[in-house]
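Colleague: Let me give you the structure first, and then I'll get to my questions.
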Amino acid sequence: MLTRVLPSFGSRRSWRVFERNFMVYRTQWLMLVSGFFEPLFYLLSIGIGLNRLVGTIDVGGRPISYAAFVAPGMLATSMMNGAVIDSIFNTFFRLRISHAYDAVLSTPLDVTDVALGEVWWALARAAVYSASFLVCMTLLGDTVSAWVILCWPAALVVSLAFSSLGLAATTYIRSWQDFDLVSLVQLPIFLFSATFFPISVYPRWLGALVAASPLYQAATLMRGLGLGQFSWVMIPRLAYLVALGAVGLTIAARRFRRILVP
Amino acid sequence: METPLESRAGWARWQRAWWYHAMQYGQTWRGSVAGTVLFPIFYLAAMGVGVGHLVAAHTGLVQGQTYLHFIAPSLLVTTAMQLGEGESLWPVLAAVKWVRTYHAAVSTPLEPEDVLVGKLTWVATRSLAGGIVYTVVIGAFGALHSWWALTLPLLSVLTTLAFAGPLVAYATTAESDASFSTLYRFAFVPMFLFSATFFPVASYPGYLRPLVQLVPLYHAVALGRAAAVGSGAPAALAAHLLVLVALTVAGVLVGRRTIRRRLVD
Amino acid sequence: MSETILEAHGLVKRFGDFEAVRGIDVSIARGESFGFLGPNGAGKTSTMRMISAVSAPTSGSIRIFGLDPTTDGPAVRSRLGVVPQEDNLELELSVRLNLEMFGRYFDLPRRVIRERTRELLAFAQLSERAEDRVDDLSGGMKRRLTIARALINQPELLILDEPTTGLDPQARHLLWDRLYRLKRDGVTLIVTTHYMDEAEQLCDRLVVMDHGRIVAEGAPRALIEQHSSREVVELRFSTDSHEEFLDVLAPFAPRVEALPDRALLYVDDGDATLHDIHASGLTPASALVRRSSLEDVFLRLTGRTLVD
C-alpha cells in the first residue's frame, strides 16, 4: 500500500482536499484561533500554581523549573489532541455523517488523494499551532535553550504520527458513542506519559509500560531537544513515531478504500 | 381525552420525562459508565500520586494536607462541572434542532417545562451516581477525614445543576453549535485550571484573588475541600452554597421560558 | 445517436455473499436519456456507482468514453457529472462556495469557475441564495444545488440516482424542466428511478431491473405495448382480500391481477369491460379505467409492484 501511496505525495489533486478544509475552517476561524489558547492556559496555570509547589526537576542532571519540564510535554499533548479532534472527530463527520468524501470521489479525485489531503491539512495545522505554542512558551519564560527551535520540526513528526493513527482509528468508529472509547484511551495516555512527572516516579515495571506510549516518546524527545541534550536514544524514539505513523497511514488508506469505494 | 392526571402539573409527568432521558442514555451507557469509574482513578493516580510525589519532595504539605488530599475534592467537583457542561450543550441542541426529539416529546401530554425538569433531574441522577463512585474512590485513596464527606455526592449534584441549569437554558436558544467550542475553550477550560483546583488560591498575586471568587467553580471547590476535611467557616460556606443554588435556580427560571419559546411558541 | 458513450458487459457486483448486480449488459448512445427502473434493492445504486467510475465491478467490463474506469478513473470522472441519491453537499459552506470548491476538484481555472458558478446559480434558480449556508436551504433547493454542482465541469454524461425522491410535486416538475434543458443541449442522461411517471417523462429508453438483473429493455411506450394491454380496469371491492375475486373476474379479461387493495383487469377496451362487469351484477366499491403504464409492465415482469 505504501508503495502506492508514496508516489502520489505532493499530487495536485490531494491539495484540493487541503483547500476544501481551509474553506470550511475559514467559516469557523474562531475555533481555529481558540485551539491555540488551550495549551497556553495550561502553561499559565502551571506557571502560577504548580511551579511553586513542585520547584525544580532534574532532567539529565540539570535542574529546571517544573513549568519548563511540563511545557515540551504539553506541546506533544497538544499535537495529540489536535490530531484527535481533526483526524478523528472531523474525519468521522465527513466519512459517515455528511458523506462529504463521497461527493469528492465523484470528481477526478481518488481515495488516496483524500487521505493524503487530510494528512497535509493535519500537518499544516500542527505547524501553525506548534509555532505559536513555542512562542508562548518562550514568552512565559519556560524555554531553557535556543535548541527549542528543533521542537518545531519534531512537533510535525509527532503530529503526523498521531494524525495517521487517528485516521486509522476513525475508520473503525461507527457512531458518536464510540467517542467515549476514544477518550477512554486518550485520557490515560495524556496523564501517564511522563507529561506531568518524570518516568522515574513509576515503579520499574510500570515504567516499561509507559515507555510504549507514543506520547511518552514524543514528550521525552521534545524535552531533550528543548534542553539541547542530544543523545542517540532520540533516533529510536523518532523511528518509533515514524513507524507508528506509517502503520496508521497504511491501515487508514486501506480502510478508507473499503468504506468509500466498496 | 384529558385525564385529571394530565391536567395537573407535576410529578407524574416529570417522572416520564426523566425516564425518557434515562432510556436514551440506556442506548449509550457502556463507554460513559467505564469513564465514570476509571477517570477519577486516572486523575487521582496521575495528579494526586504522581505529581503529589514531586510536591511532597519540594513543598511537603499543601494547606496542611498531602497534595493528593488537597486535589481529590476539587477533582470531584470539576468532574461534576464537566458532566453538567457535556450533557447540556450538544445533546440539548440536537434535541431541539437536529433530531428534534424534544419536539416529539411535547407532542405527547408532556409540557416543555416537564422536559426541562426531566432533563435536569436525569443529569442530577447521573451526577449523584458519579459523585458516589468518586467519593468511594477518594476514600480508597485515603483522602477523606470527616463524616461530612458523605455530603460530597450531594455537592456533585448541586455543582452539576449549577452548570447544567444555565447551559440548558442557553442551548435551547442556540441555532448552531459554533459558540459551544468557544465556550469550552474560553470559559470551561480556564475555569477548570484557575479555580484553585490544583493549587491554593494563595498562589495568585493579591490583586487576582478577588477575581477568582467570581468563578462559579471556585465555590464548588471550596465546599468540596471543606466537606472532605469537615471544617470551614460557616458564613463562608453558606456564601459558597448560595452561589451554586442561585445559579441553579436562575438556570431553571430562565430555562422554563427559553424551552417553551423554542418548542411551542 | 450513433456514437456509444457507455458500454457494459456481464457486469457483476458482489458484497461478501450478497450479489447486488448479477450480470447486466447495457449500451448507451451519446445524447440519449437512459433509465434504470426498479424497486429499492434491485441493484440500481450499485450499478450507478460502477458506471460513475467510483466502485470497481466484481467481474464484467465497462467502457465509458472508450476508457476503462477501473484504470482511468480520474480521466473518466473528469467528464462525468454525478447526482447521488442523497445530497452530500458541504453543509457548512455557502451555496456559492459549494460550486466553486467542486470546480477546484476538477482543476478548472478560477476564472472559468466564477463564470460557470454564475450560470449554474441562475440555472438552479439559486442566485438569490448564493451566499447562504447550504444547511439553511429547503430540500428542493439542496437537490437543485446538487445537480448544479454536478454540472460544474460541463459533463458529457450526467448520472442521476433517484433525482426527485422525497421532493414535493412542484419541486419535481421544476427539476424535470431543468433536466429537459440539459437533454436539449445534448447532455447524455442516465437516470435511476422507482417512479414510473418519472421514467416515462425523462427516458428515451430504459431497462427494468429486478433482483440485480435486467428483465426488460426498450422505449417506455414500446415496453408497455409489448408487456401490457392497451387499457387497465382497476376495481376496488369492500373486502380484506381481492384474491377471492380472481375467479369471478377471470371471464371478463385475458389477464387479471389481485393486489392487496385492488384488482387489475388487462384489456383492450376498458369501458366495454366495465360495462360488462356492472351488467353481470358485480358491485365494486370503486372502478377506474386508465391506460397501461410502466407500473403494469413491472407487475407483469416481476409479479410485484414498484413502490411498496
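Chains as they are written, first to last, in this note's numbering: chain L, 1 to 262; chain E, 1001 to 1265; chain X, 2001 to 2308. From the three backbone atoms N, C-alpha and C, an ideal C-beta is built for every residue, glycine too.
Please classify X/S2311: does DSSP put it in a helix, a strand, or coil?
Modeller: With chain X covering 2001 to 2308 only, the question about residue 2311 of chain X has no answer from this structure.
Colleague: When the Cβ atoms of the region 2218-2235 of chain X are set against those of the region 2289-2299 of chain X, are three or more pairs found closer than 8 Å?
Modeller: In short, these stretches touch, since the Cβ pair count reaches three.
Colleague: Can you say whether L/L6 is buried or exposed, counting buried as having 16 or more other CB atoms within 10 angstroms of its CB?
Modeller: Residue placement at L/L6 is poorly supported in this model, since its pLDDT is 45, which falls under 50; the coordinates are not used for a value here.
Colleague: Whole angstroms is fine: what's the gap from X/V2233's alpha carbon to X/V2082's?
Modeller: Cα to Cα, X/V2233 sits roughly 40 Å from X/V2082.
Colleague: Show which residues of chain L have a CB atom less than 7 Å away from the CB atom of X/N2088.
Modeller: Simply S98, H99, A100, D102 and A103.
Colleague: Between L/E19 and chain X, is the shortest Cβ-Cβ distance under 9 Å, so that the two count as touching?
Modeller: At least one chain X Cβ lies under 9 Å of L/E19.
Colleague: When you compare the CB of X/D2107 with every CB in chain L, is at least one pair closer than 9 Å?
Modeller: X/D2107 counts as touching chain L.
Colleague: Out of curiosity, what's the CA-to-CA distance linking X/D2210 and X/E2090?
Modeller: C-alpha separation (whole angstroms): 34 Å.
Colleague: How many angstroms separate the CA atom of L/F89 from the CA atom of X/R2172?
Modeller: In a straight line, the C-alpha of L/F89 is about 36 Å away from that of X/R2172.
Colleague: Please name the residue, chosen from E/Y1067, E/T1059 and E/P1112, that lies closest to E/G1050 on a Cα-to-Cα basis.
Modeller: With distances taken between Cα atoms, E/G1050 lies closest to E/Y1067.
Colleague: Counting C-beta neighbours from all protein chains within 10 Å, is the total for E/H1145 16 or more, i.e. buried, or is it exposed?
Modeller: Result: exposed.
Colleague: Between the beta-carbon of L/A218 and the beta-carbon of L/S193, is there less than 9 Å?
Modeller: It is a contact, given that the beta carbons lie within the stated cut-off.
Colleague: Mind listing which residues of the region 184-197 of chain L have their C-beta closer than 7 Å to chain E's C-betas, in chain order?
Modeller: Cβ contacts with chain E: L184, L187, P188, L191, F192, F196 and F197.
Colleague: Using a cut-off of 9 Å between C-beta atoms, extract the partners of L/T27 located in chain X.
Modeller: Those are E2092, L2093, S2094, L2097 and R2133, listed as they occur along chain X.
Colleague: Let me know the beta strand (DSSP E) ranges lying completely inside the region 2165-2234 of chain X, each 3 residues or longer, listed in chain order.
Modeller: Entirely contained in the region 2165-2234 of chain X, the beta strand (DSSP E) runs reaching 3 residues are, in chain order, 2188-2193, 2205-2210 and 2213-2218.
Colleague: Secondary structure at X/T2004, three-state DSSP: helix, strand or coil?
Modeller: Three-state result, X/T2004: strand.
Colleague: Can you give me the Cβ contacts of E/V1215 inside the same chain, cut-off strictly under 8 Å, excluding the 5 residues immediately before and after it?
Modeller: Excluding positions up to five away in sequence, the list reads M1191, F1194 and S1195.
Colleague: Using a Cβ-Cβ cutoff of 8 Å, what residues of the region 124-147 of chain L are near chain E? List them in chain order.
Modeller: Listed in sequence order: no entries.
Colleague: Below 6 Å CB to CB, which residues in the same chain sit around E/Y1134 once its five sequence neighbours on both sides are set aside?
Modeller: Result list for E/Y1134: P1040 and L1076, in chain order.
Colleague: With 16 other CB atoms within 10 Å as the buried threshold, where does X/T2071 fall?
Modeller: So X/T2071 ends up on the exposed side.
Colleague: L/P198 by DSSP, collapsed to three states: which one?
Modeller: Of the three classes helix, strand and coil, the one that applies to L/P198 here is coil, per DSSP.
Colleague: Go through its chain and collect everything with a Cβ distance to L/T77's Cβ below 7 Å, but skip five positions before and after it.
Modeller: These residues qualify, in order along the chain: F190, T195 and L215.
Colleague: Taking the alpha-carbon of L/P93 as reference, which of L/L44, L/D178, L/P203 and L/L249 has the nearest alpha-carbon?
Modeller: Inspection of the sequence shows that residue 93 of chain L is occupied by Phe rather than by Pro. Considering only alpha carbons, the answer is L/D178.
Colleague: Note the first and the last residue of the continuous alpha helix (DSSP H) segment covering L/A243.
Modeller: M234 to L260 is the extent of the alpha helix (DSSP H) around L/A243.
Colleague: Spell out whether any CB of chain X is found under 9 Å from the CB atom of L/V5.
Modeller: Confidence at L/V5 is low in this model, with a pLDDT of 46, below 50, so its placement is unreliable and no value can be given for it.
Colleague: Hey, quick one: how far does the beta strand (DSSP E) through X/I2028 stretch, first residue to last?
Modeller: Looking at the DSSP string, the run of the beta strand (DSSP E) that includes X/I2028 is F2018 to A2029.
Colleague: Closer than 8 Å by beta-carbon distance: list the chain X residues that pair up with L/D110, in chain order.
Modeller: Per Cβ cutoff of 8 Å: G2073 and P2074.
Colleague: Here's the rule: buried if 16 or more other CB atoms are within 10 angstroms of the residue's CB, otherwise exposed. What is X/P2284?
Modeller: Buried, by the Cβ-count rule.
Colleague: Which whole runs of the beta strand (DSSP E) in the region 1060-1121 of chain E are 3 residues long or more, in chain order?
Modeller: The region 1060-1121 of chain E contains no whole beta strand (DSSP E) run of 3 or more residues.
Colleague: Could you tell me how far apart the beta carbons of L/P203 and L/I57 are, in whole angstroms, since I believe they sit closer than 8 Å?
Modeller: 19 Å between Cβ atoms; not a contact.
Colleague: Measure the beta-carbon distance from L/R16 to X/R2104 and round it to whole angstroms, keeping in mind my assumption that it falls under 8 Å.
Modeller: That belief holds up - the Cβ atoms of L/R16 and X/R2104 are roughly 5 Å apart, short of 8 Å.
Colleague: Is the beta carbon of L/V164 sitting closer than 9 Å to the one on L/L260?
Modeller: Note on identity: in this sequence residue 164 of chain L is Ser, with Val being the wrong assignment. No, the pair does not count as a contact, with Cβ atoms beyond the cut-off.
Colleague: Between which residues of its own chain and E/T1003 is the CB-CB distance below 7 Å, once the five residues before and five after are set aside?
Modeller: Since pLDDT at E/T1003 reaches only 48, below the 50 mark, its modelled position is unreliable, and no value is offered.
Colleague: Rounding to the nearest angstrom, what Cα-Cα distance links X/T2193 and E/V1096 in this structure?
Modeller: Looking at the two C-alpha atoms, the distance is approximately 34 Å.
Colleague: Can you name the residues of chain L whose CB is closer than 7 Å to the CB of E/V1055?
Modeller: Correct list: L53 and V54.
Colleague: Here's the rule: buried if 16 or more other CB atoms are within 10 angstroms of the residue's CB, otherwise exposed. What is X/T2164?
Modeller: Under this definition X/T2164 is a buried residue.
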